[in-house]
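In my numbering, the protein residues as written are 172 to 237.
Encoded as structure tokens, the structure appears first; notes follow it.
Pasting the structure below:
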């Protein structure tokens, strides 16, 4: 049996995780609880985050309404 170990775990600056992989993991964790629509709105909000002048704009995109 061989065991392989990474010198730096995924997500470390020396071993970065891709945006696509991070979004896929987010969807895997979020969709079962909140649904596809919420997950896609949250991903879109994060992608646009730097374009907003006020965080209130961002929170309106992804807050869960009950």
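Positions of the beta carbon are idealized from the N, C-alpha and C atoms, including for glycine.
Thinking residue i and residue j are a contact (beta carbons under 8 angstroms), I'd like their distance in whole angstroms, please.
i: residue 213; j: residue 201; result: 7 angstroms
Alpha helix (DSSP H) containing residue i: first to last residue?
i: residue 203; result: 190-205
Cβ-heavy atom distance between residue i and the ligand SAM below 8 angstroms?
i: residue 184; result: Absence of the ligand SAM from the depicted structure is noted, as is the absence of any ligand whatsoever, leaving it without description.
So which of the options has the shortest CA-CA distance to residue i?
i: residue 217; options: 191, 206 and 204; result: 191
i: residue 179; options: 188, 207 and 210; result: 188
Legend entry - Any 3 or more C-beta pairs closer than 8 angstroms across the segment 172-185 and the segment 195-206: Short answer: they don't touch.
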